[in-house]
Amino acid sequence: MTYVVTENCVACKYTDCVEVCPVDCFYEGENFLVIHPDECIDCGVCEPECPADAIRPDTEPDMEKWVEFNRKYSEIWPVIITKKDPLPEADERDGEQGKMEKYFSEAPGEGG
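Take the sequence shown: its position 108, counted from the start at 1, is 275 in our numbering, and no numbers get skipped.
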């Protein structure tokens with residue numbers, strides 16, 4: 168099993184989760200985080216830290232697409248291990264529907 172980041176992270180990018188990860192398996196895009204599914208040790212400490220409830224176990228229904236999505240971007244984005252400020256409109260965007268189509272950027276973040 169692994170944990171993955173899902174759509175609600177888009178345009179929020181809270182990073183509370185990265186500081187608690189014992190294996191540094193989070194990767195940063197411009198406006199989204201992902202977890203490398205092959206590096207995640209299934210400890211689950213990140214899930215309750217996410218204010219946007221965007222981290223889910225891959226055992227939930229329809230998570231296969233998110234596992235592959237997280238794998239794809241974790242292989243091209245830089246690792247992030249330090250908490251940063253969320254995006255300026257994070258509170259407004261939290262829970263918004265259709266964020267992938269409206270806001271998702273493939274651009275890498277700064278990492279760090």
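A virtual CB, placed ideally from N, CA and C, is assigned to each residue, including glycine.
| Asked | Found |
| --- | --- |
| Assigned secondary structure, glutamate 263 (DSSP; H/G/I helix, E/B strand, else coil) | coil |
| Identity of the residues DSSP links to glycine 196 by a beta bridge | Pro275 |
| Simplified DSSP state of tyrosine 170, which is helix, strand or coil | strand |
| Three-way DSSP call (helix, strand, coil) for valine 212 in this model | coil |
| Reduced DSSP category for valine 185 - H, G, I as helix; E, B as strand; rest coil | helix |
| Outcome for glutamate 235 when other beta-carbon atoms lying within 10 angstroms are tallied against a minimum of 16 | exposed |
| Neighbour flag for cysteine 213 against chain B, beta carbons, 7 Å | Of the protein chains in this structure there is only one, and it is not chain B. |
| Span separating the alpha-carbon of glutamate 186 from that of asparagine 237 | 18 Å |
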